[in-house]
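Okay, so here's the structure we're looking at.
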Amino acid sequence: MPAITLTSDWGKSGCYLPQLKGSLLSLPTEGFSLETISDSIEPFDMEEACFILRHSFPFFPKGSVHILAVSGKLQQRAALAIVCRGDFFFIGEDDGRFSLLFENYDSAYHLVPKADECDFVEIRQICRAVRLIMESGGRLEAFIGSELEPARLVEAAGSRAVVMPEQIIGHIVHVDCFGNAITDIGRDDFLKLQSHLINKGLSDGSYTIFAGGPHLKFNKIGRGYDSVEPGACTAFFNSCNLLELAMNGGSIARAEGLERRMEIMIRFNIYG
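Residue 96 in this note's numbering is what sits at position 87 of the sequence shown, and the numbering runs on without skipping anything.
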């Protein structure tokens, strides 16, 4: 069964999230479940919201609709967009957030504003976007002109690891509730550079990982949290294929002072 999911910074204590959920449940959305991915994103923290949704949406059933209801920082109004990518639909303000979610998309539309709607994205607009997806069976081009107009999405600069001739420089992009630090350094980039250096005879493939400065170092990538003794720190590629720094049974973020946006570097040992 496909889902309608919510990712928001609206919190649990206000009335906005219940209003949106109630309005969505009042739509003729038989065959869809309503699921919350997260309602506790820090206010205005678009990077955090997009990180969580980016690594969550592929696990939902085909045809699911993902609403990204995180407040933008733009001073002017951003149009509400419906974005189609693969077997999924995404709804959110067109303020650059979608470029943090994925590198490409199939099609995008702006909701044509109605005279009785406010100059900011509100619950009625989100519900109208969901209704259009339901009524069209995903064929949104049928509503071009009356309800939608084709859009070229705004782009925003996000965190991306940089692959250099002998090293990879990335950053911590997420610290989870256990204090594990997740970076934007991907397994594929690491393996490609390592293989290239070995094949060119420039390195034996060994490396050093520097985290947050010169003092916290790793010379080995483990299998997971239990690849070291309790209380020891480790680095490994997690289920998202991203480099993660962790402490077995503890919080590496608290113990080592690691925070989001801190630089992480993998430097390969070069012959000579």
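C-beta atoms are modelled at their ideal positions from N, C-alpha and C, and glycine is treated no differently.
Should residue i and residue j be called a contact, given that it needs their Cβ atoms to be closer than 7 Å?
i      : j      : result
ILE132 : SER32  : yes
HIS183 : PHE60  : yes
GLY188 : ARG263 : yes
ILE279 : LEU211 : yes
PHE66  : PHE97  : yes
ALA190 : LEU267 : yes
SER47  : THR16  : yes
PHE245 : GLY259 : no
ALA151 : HIS119 : no
PRO70  : PRO11  : yes
ILE50  : GLU44  : no
CYS136 : ASP115 : no
ILE142 : VAL74  : yes
GLY221 : MET271 : yes
ARG106 : MET173 : no
PHE277 : GLU175 : yes
ILE178 : ALA138 : no
TYR234 : ASN208 : no
ASP103 : ALA124 : no
Could you tell me the boundaries of the alpha helix (DSSP H) in which residue i lies?
i      : result
PHE277 : Careful: PHE277 lies outside any alpha helix (DSSP H), inside the beta strand (DSSP E) at 272–279.
ALA262 : 261–265
Locate the beta strand (DSSP E) running through residue i, then write down its first and last residues.
i     : result
PRO27 : Looking at the DSSP string, PRO27 is not in any beta strand (DSSP E); the run it does join, the alpha helix (DSSP H), is 25–34.
ALA78 : 74–78
CYS93 : 89–94
ILE50 : First-last for ILE50: undefined, no H or E at that position.
ALA12 : 12–17
Per DSSP, which one or two residues make a beta bridge with residue i?
i      : result
ALA220 : LEU225 and ILE273
LEU157 : LEU120 and ILE153
ALA58  : None, per the DSSP bridge assignment.
PHE245 : GLU253
LEU43  : ILE13
VAL163 : None, per the DSSP bridge assignment.
VAL171 : ILE178
Exercise for the section: Taking only runs that begin and end inside the segment 178–213, name each unbroken beta strand (DSSP E) of 3 or more residues, in chain order. Expected result: Qualifying beta strand (DSSP E) stretches, in chain order: 190–195.
Practice task
Enumerate, from N- to C-terminal direction, the unbroken beta strand (DSSP E) stretches of 3 or more residues contained entirely within the segment 97–137.
Solution key: Taken in chain order, the complete beta strand (DSSP E) segments of 3 residues or longer contained in the segment 97–137 are 97–102 and 116–120.
Practice task
Would you check if there are 3 or more beta carbon pairs closer than 8 Å linking the segment 252–259 to the segment 191–198?
Solution key: Cβ pair count under 8 Å is three or more, so yes.
Handout entry: Cβ contact check for the segment 230–241 and the segment 149–169: 3 or more pairs under 8 Å
Key = In short, these stretches do not touch, since the Cβ pair count stays below three.
Practice task
Determine, using beta-carbon pairs with one atom in the segment 60–78 and one in the segment 203–210, whether at least three such pairs fall under 8 Å.
Solution key: Remark: fewer than three beta-carbon pairs, one from each stretch, lie closer than 8 Å, so the segment 60–78 and the segment 203–210 are not flagged as touching.
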